[in-house]
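Engineer: Residue numbers (our numbering): 423 to 820. Take this structure first; my questions come after.
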Amino acid sequence: SLDDDNNNIKRHKFWETQPVGQYKDVGDFSLADGPIELPTPLSDVKQEPYNLPTAYEWTTCDMDSQETCDEVYLLLMNNYVEDDENMFRFNYSKEFLRWALRVPGYYRSWHIGVRAKTSKKLVAFITGVPARIRVNDKVVKMAEVNFLCVHKKLRSKRLAPVLIKEVTRRVHLENIWQAAYTAGVVIPTPITTCQYWHRSLNPKKLIDVGFSRLGARMTMSRTIKLYKLPDSTVTPGFRKMELRDVPAVTRLLRNYLSQFIVAPDFHEDDVEHWLVPRDNVVDSYLVESPKNHEITDFCSFYTLPSSILGNQTHSTLKAAYSYYNVSTKTPLAQLMNDALIVAKQKEFDVFNALDIMHNESFLKDLKFGPGDGQLHYYLYNYRVRSGMKPSELGLVLL
Ligand code: NHW
């Protein structure tokens with residue numbers, strides 16, 4: 423992209439008007455960490471929704487309603503994020519969407535849709551959920567913004583900026599002035615840029631569908647052997663997390679996340695929501711010392727399949743995404759190898775991880791390979807020192 427090139431900076435008609443780090447400020451160390459703009463009095467926040475093109479209307483999506491959840495699911499299934507070569511498209515499940523959106527203290531008004539006025543068809547979507555995110559030594563109330571989607575037939579009509587302004591307005595109405603989000607595209611200005619790594623669990627299928635290729639001087643059978651995993655986990659005391667583990671996991675996680683520059687500020691209710699296992703949504707395991715029953719290590723991943731576009735034999739790629747992992751006694755690589763083993767048992771095809779937190783320490787040893795996609799992390803209306811490394815980031819967005 424031209425964005426990184428000093429003399430050929432891409433213009434961003436919308437983002438240049440927003441309180442986000444601007445390209446011209448990169449490397450200006452006189453700017454302190456903190457809000458870019460101060461909050462306005464709540465009475466000054468615009469009371470009416472932004473205008474849409476006349477054929478469309480706003481709708482608040484009630485994710486408790488089966489019917490609405492189905493509509494959102496289908497909009498995303500057919501129109502959400504694809505890879506650069508348009509071979510795969512994220513296929514978030516309904517259960518996943520409910521989990522991601524009905525978080526502790528959520529606002530229904532932040533689950534925003536756009537419908538065609540005459541047909542009532544859902545054609546666009548954007549969401550926010552509340553979160554406390556710590557940036558250096560300050561815990562800031564934020565919205566995590568996700569699932570921005572405009573129907574393929576309505577692209578490039580500047581609808582996305584209207585959706586973003588509307589979610590911003592509704593976040594402001596709750597007296598929240600900051601947000602966190604990730605995207606595959608470069609806009610002003612990432613706080614850091616991460617890379618996805620992929621660990622094949624079912625190499626034959628991954629090669630058959632074009633997700634990966636046979637390595638040089640490799641045969642299929644050598645490849646299958648290379649990625650083979652033991653049938654059962656190796657760490658003594660490794661077991662599934664349960665509800666009763668929430669206090670211990672919260673302590674473990676809070677202590678671990680305190681070392682990163684940007685990380686969620688998890689309380690017990692957050693850990694209960696985000697990390698207690700839910701079938702086909704999120705898996706969490708921990709190590710309970712067989713001696714004193716102390717919880718010493720923790721690992722988790724979430725389930726996000728992708729539709730395989732235009733393959734005769736396979737329609738979905740079952741992918742696990744590394745979530746939050748903490749090691750205090752078990753070496754992190756051993757813990758993650760056990761996570762790979764359970765993911766394999768659960769018939770995932772691939773295990774994905776970003777190069778954030780301490781993930782780099784195990785990626786190569788556990789035979790993850792670098793992907794081509796990058797993921798950029800952003801904060802809205804909050805400045806952080808530029809030059810943060812992925813390994814200094816402790817936040818995973820879905
Ligand atoms: S990233 C996933 C985004 N979704 C997809 O990629 C799905 C497939 N694509 C689409 O549906 C995870 C459309 O292409 C979308 C753009 C809707 C992406 N983030 O309507 P126009 C998230 O959901 C800017 C931010 O003509 P379009 C995070 C673009 O740079 N901005 O484009 C979402 C340009 O502005 P510029 C994005 O292709 C975070 C303008 O949109 C963007 O028809 C949102 C063009 O608009 C992206 N991913 O629709 C921000 N993609 O200035 C939250 C494009 O460059 C901010 N754009 O001219 C915080 C708000 C809350 C604050 C609270 C205080």
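Note that beta-carbon positions come from the ideal geometry of N, C-alpha and C, so glycine has one too. Just so you know, these numbers come straight off a predicted model, no measurement behind them.
1) Would you mind reading off the limits of the alpha helix (DSSP H) that contains residue 785?
2) Rounded C-beta distance between residue 777 and residue 617? I'm assuming under 8 Å.
3) Which of helix, strand or coil does DSSP assign to residue 723?
4) Kindly indicate which residue of 665, 494, 591 has the alpha-carbon position closest to the one of residue 463.
5) How about residue 583: is its Cβ closer than 7 Å to a heavy atom in ligand 1?
6) Residue 594 lies in the alpha helix (DSSP H); which residues open and close that run?
7) Can you give the Cα-Cα distance for residue 634 and residue 549, rounded to whole angstroms?
8) Give every residue of the same chain whose Cβ lies closer than 8 Å to the Cβ of residue 671, excluding the five residues on either side of it in the sequence, and list them in chain order.
9) Taking only the alpha-carbon atoms, compute the straight-line gap between residue 426 and residue 673 and give it to the nearest angstrom.
10) Let's test the definition: count the other Cβ atoms within 10 Å of the Cβ of residue 496 and tell me whether it reaches 16, buried, or not, exposed.
11) Does the beta-carbon of residue 431 have 16 or more other beta-carbons within 10 angstroms, so that it is buried, or is it exposed?
12) Enumerate, from N- to C-terminal direction, the unbroken beta strand (DSSP E) stretches of 3 or more residues contained entirely within the region 733-766.
13) Looking only at DSSP bridge pairs, what is residue 481 linked to?
14) Please list, in chain order, all residues of the same chain as residue 732 whose beta carbon is under 7 Å from its beta carbon, the five residues on each side excluded.
15) What do you reckon, is the C-beta of residue 579 under 7 Å from a heavy atom of ligand 1?
16) Determine the closest residue to residue 598 out of 553, 760, 748, with distance taken between C-alpha atoms.
17) Return the chain-ordered list of same chain residues with a C-beta closer than 8 Å to the C-beta of residue 629, the five sequence neighbours on each side being excluded.
Structural biologist: Working from what's here:
1) 782-785
2) In this structure residue 777 touches residue 617 by the C-beta definition: roughly 5 Å separates them, less than 8 Å.
3) strand
4) 591
5) yes
6) 581-594
7) 32 Å
8) 663, 693, 697, 706, 708, 717, 720
9) Below a pLDDT of 50, predicted positions are generally treated as unreliable, and residue 426, at 47, falls in that range; the measurement from the model is reported next regardless. Those two C-alpha atoms are separated by around 40 Å.
10) exposed
11) exposed
12) The region 733-766 contains these whole beta strand (DSSP E) runs: 741-744.
13) 535
14) none
15) Yes, the Cβ of residue 579 comes within 7 Å of a heavy atom of ligand 1.
16) 553
17) So the list reads 635, 636, 642, 645, once near-sequence residues are dropped.
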